[in-house]
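Right, one structure below, let's go through it.
Protein chains in written order, with our numbering: chain A, 665 to 985; chain B, 665 to 985.
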């Protein structure tokens with residue numbers, strides 16, 4: 665993929681798991697990257713995370729000129745964003761924090777720099793309200809691990825210009841991503857609404873004592889999960905319907921939509937439920953560190969990506985994805 | 665996997681997509697299979713479906729003695745089930761039909777034959793009520809394509825004996841499956857509750873005009889779907905939490921459970937919504953026949969299965985899966 669010519673320098677604000685994933689992705693795609701985070705020790709943790717991701721990115725193939733040496737850490741927010749063409753905000757998921765930070769960024773950035781929030785839930789219209797030049801503020805929501813998973817949801821707010829959405833799409837595509845432009849602002853965008861639905865139901869199953877976290881996970885991985893790595897819920901059902909496809913499935917399973925086959929509100933996240941979920945996950949890890957599990961997942965994903973390329977395009981978006 | 669010694673002959677009742685999937689799987693694992701279905705032309709359609717699945721199963725590796733020649737079609741239900749060790753019911757998902765059929769099967773079968781319903785939703789206690797020897801009636805719910813996807817949910821009803829559940833688990837494992845025994849009967853078992861949650865939300869997104877079926881599918885495939893082929897929703901979030909794992913995620917995303925990030929009831933399945941969903945899927949197929957799409961999916965899944973083996977066991981069920 666050719667690098668977008670208008671975006672050369674990217675600043676990542678906030679160096680948690682998502683921020684560090686963006687840093688590694690943009691570096692591997694040949695961008696100049698500045699990272700900023702006010703937390704003590706942030707630079708060292710960030711550099712370690714990028715170092716950990718790098719071998720996976722090397723295996724997938726680096727862009728011309730890509731180098732870890734093109735990464736700078738700048739603790740001062742204003743300095744960090746001053747010359748950036750794209751600023752990717754990756755602060756914790758708290759509304760007031762994100763609004764204040766995006767406003768600060770917008771006052772320190774170049775007027776035509778694109779400012780993107782990685783928020784998984786908030787609408788861009790809400791986030792851009794107090795920004796200078798709100799027309800260049802968008803949501804660009806990635807998925808962990810950001811340096812490997814291709815999806816990014818791009819959403820403009822009421823004040824966002826169409827041109828900025830178009831430029832942003834090109835930029836993320838030049839960073840090797842599948843950019844899904846969402847024209848309707850809703851809480852949770854698209855993917856997280858789907859994930860939130862499954863997540864709430866999974867919490868109910870654990871809360872009600874029907875299944876452990878491990879059993880819930882197994883019920884996904886060995887069944888629907890294997891299909892969802894190639895086809896989403898719609899095309900999957902289309903194929904399950906035999907020659908008549910989805911129409912047959914809707915006739916057969918439509919009535920089930922009336923049944924109480926899901927719990928419809930999330931359970932109270934009690935201390936007991938919290939412990940059960942946390943302990944379940946730790947048990948599943950079987951004593952492996954998160955880093956070891958990350959490594960194993962990454963190795964798997966690299967091969968899965970190759971596999972998907974081999975079998976695509978199948979459900980591509982009008983040839984664009 | 666060694667074949668279970670007590671189950672040699674399997675009868676599949678109903679030769680739709682699921683029934684034919686079971687037939688192909690059991691044949692490939694070296695079982696003797698009888699198929700039965702009252703519909704006109706059922707045998708020819710069934711044999712075609714098994715022929716289509718066979719090359720994929722050959723690539724995965726057939727069991728000793730496995731052969732399509734060990735398949736018999738017997739249109740008479742009573743004759744078809746009379747000598748079977750396991751009878752797998754795969755009728756359409758209608759409560760009264762399944763109850764009547766399972767009762768008929770139970771009166772014609774050997775007293776110790778295991779009778780399993782493939783139902784995706786009904787509880788075994790409901791299904792076994794009118795059966796002879798209800799202690800050997802279970803739910804064994806598979807996933808399409810049944811001849812490739814390993815998951816089977818095994819659920820006993822109030823009258824089911826623990827020994828039957830144990831024998832059934834061994835049998836499905838000897839047929840190359842990952843058998844998840846569910847101790848609590850609930851509508852939709854485990855996996856379909858999770859799929860139903862995502863399905864209802866996906867229908868809302870399409871119904872509200874927020875996204876096309878293609879966009880919904882892309883939002884899964886390029887993000888969460890790639891993770892779910894290796895790890896379920898719990899372990900995925902555990903890794904997304906960084907070093908602190910799931911506990912950090914619950915602190916960070918717990919409050920979002922209070923937000924209206926999913927619609928909580930299914931939309932009316934109007935003619936308009938039906939058309940939109942069907943047309944969306946057909947568009948995604950890009951003119952390929954269902955058979956062509958099946959083939960492509962199968963080729964992908966075979967390689968994915970090899971990939972999963974390479975990276976397992978990670979989230980295995982106490983070493984059992």
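All C-beta atoms, glycine included, are put in the ideal place defined by N, C-alpha and C.
Keep in mind it's a predicted model, so treat the numbers as computed, not measured.
query = Distance, Cα to Cα, residue 716 of chain A vs residue 781 of chain A?
reply = 24 Å
query = Just how far apart, CA to CA, sit residue 933 of chain B and residue 753 of chain A?
reply = Per-residue confidence for residue 933 of chain B stands at a pLDDT of 49, beneath the threshold of 50, marking its modelled position as unreliable; the derived number appears in the next sentence. Whole-angstrom Cα-Cα distance: 39 Å.
inquiry  = On a Cα-Cα basis, can you pick out the residue from A/700, A/820 and A/846 that is closest to residue 870 of chain B?
reply    = A/846
message = Could you give the first and the last residue of the continuous beta strand (DSSP E) run that contains residue 842 of chain A?
response = 842-846
message = Counting only C-beta atoms, is residue 803 of chain B closer than 8 Å to chain A at any point?
response = no
Where residue 705 of chain A falls, given that 16 or more other Cβ within 10 Å makes a residue buried = exposed
query = If you draw a straight line from the C-alpha of residue 968 of chain B to the C-alpha of residue 880 of chain A, how long is it?
reply = 20 Å
inquiry  = Here's the rule: buried if 16 or more other CB atoms are within 10 angstroms of the residue's CB, otherwise exposed. What is residue 722 of chain B?
reply    = exposed
task = In angstroms with no decimal places, state the Cα-to-Cα distance between residue 776 of chain B and residue 814 of chain A.
result = 52 Å
ask   = Who are residue 816 of chain B's beta bridge partners in DSSP?
value = B/806 and B/843
key: Beta-carbon gap between residue 865 of chain A and residue 893 of chain B smaller than 8 Å   = no
ask   = Does the pairing of the region 729-739 of chain A with the region 684-701 of chain A give three or more beta-carbon distances under 8 Å?
value = yes
query = If you draw a straight line from the C-alpha of residue 771 of chain B to the C-alpha of residue 883 of chain A, how long is it?
reply = 33 Å
ask   = residue 759 of chain B by DSSP, collapsed to three states: which one?
value = helix
Residues from the region 869-888 of chain B in contact with chain A, defined by Cβ distance under 9 Å = 869, 870, 872, 873, 874, 875, 876, 877, 878, 879, 880, 881, 882, 883, 884, 885, 886, 887 and 888
key: residue 762 of chain B versus residue 756 of chain B: straight-line alpha-carbon distance, rounded   = 8 Å
ask   = Is DSSP giving residue 825 of chain B helix, strand or coil here?
value = coil
inquiry  = Just list the residues that DSSP pairs residue 834 of chain A with in beta bridges.
reply    = Partner(s): none; residue 834 of chain A has no beta bridge.
inquiry  = Let me confirm a value: residue 730 of chain A is counted as buried when at least 16 other C-beta atoms fall within 10 Å, else exposed. Which label applies?
reply    = buried
request  = Note down, in chain order, every chain B residue with its Cβ under 8 Å from the Cβ of residue 855 of chain A.
outcome  = 883, 884, 887 and 888
request  = Would you check if the region 806-821 of chain B and the region 808-823 of chain A touch, i.e. whether three or more CB-CB distances between them fall below 8 Å?
outcome  = no
inquiry  = Quick check: is the beta carbon of residue 775 of chain A nearer than 8 Å to any beta carbon in chain B?
reply    = no
query = So who's on the other strand from residue 696 of chain B, going by DSSP bridges?
reply = B/673
inquiry  = Given a cut-off of 8 Å on the beta-carbon distance, is the pair residue 779 of chain B and residue 801 of chain B in contact?
reply    = yes
ask   = Just checking my contact of residue 727 of chain B with residue 675 of chain B at CB under 8 Å: how many whole Å lie between their CB atoms?
value = The Cβ separation is near 19 Å, so there is no contact.
Sequence-distant residues of the same chain with beta carbon closer than 7 Å to residue 742 of chain B, five excluded per side = 772
C-beta contact flag for residue 829 of chain A and residue 799 of chain A at 8 Å = no
query = Which bits of chain A does residue 840 of chain B rub up against, with CB to CB less than 7 Å?
reply = Under the 7 Å cutoff, chain A gives no residues; its nearest Cβ is about 11 Å from residue 840 of chain B.
query = Less than 7 Å between the CB of residue 690 of chain B and some heavy atom of the ligand NAD, yes or no?
reply = Ligands displayed in this structure: none; no statement on the ligand NAD is therefore possible.
request  = At 7 Å on the CB atoms, spell out the chain A contacts of residue 863 of chain B, in chain order.
outcome  = 897
query = Would residue 967 of chain A count as contacting chain B if we go by Cβ distances under 8 Å?
reply = yes
task = Report buried or exposed for residue 1066 of chain B, applying the criterion of at least 16 other Cβ atoms within 10 angstroms of its Cβ.
result = Limits of chain B in this structure are 665 at one end and 985 at the other, which puts residue 1066 of chain B out of reach.
key: Opening and closing residue of the alpha helix (DSSP H) in which residue 879 of chain B lies   = 877-883
ask   = Would you say residue 710 of chain B reaches chain A, if we count a Cβ-Cβ gap shorter than 8 Å as a contact?
value = no
query = Apart from the five residues on each side of it in sequence, which residues of its chain come closer than 8 Å, Cβ to Cβ, to residue 808 of chain A?
reply = 681, 682 and 685
message = For a quick check, are the C-beta atoms of residue 899 of chain B and residue 913 of chain B less than 8 Å apart?
response = no
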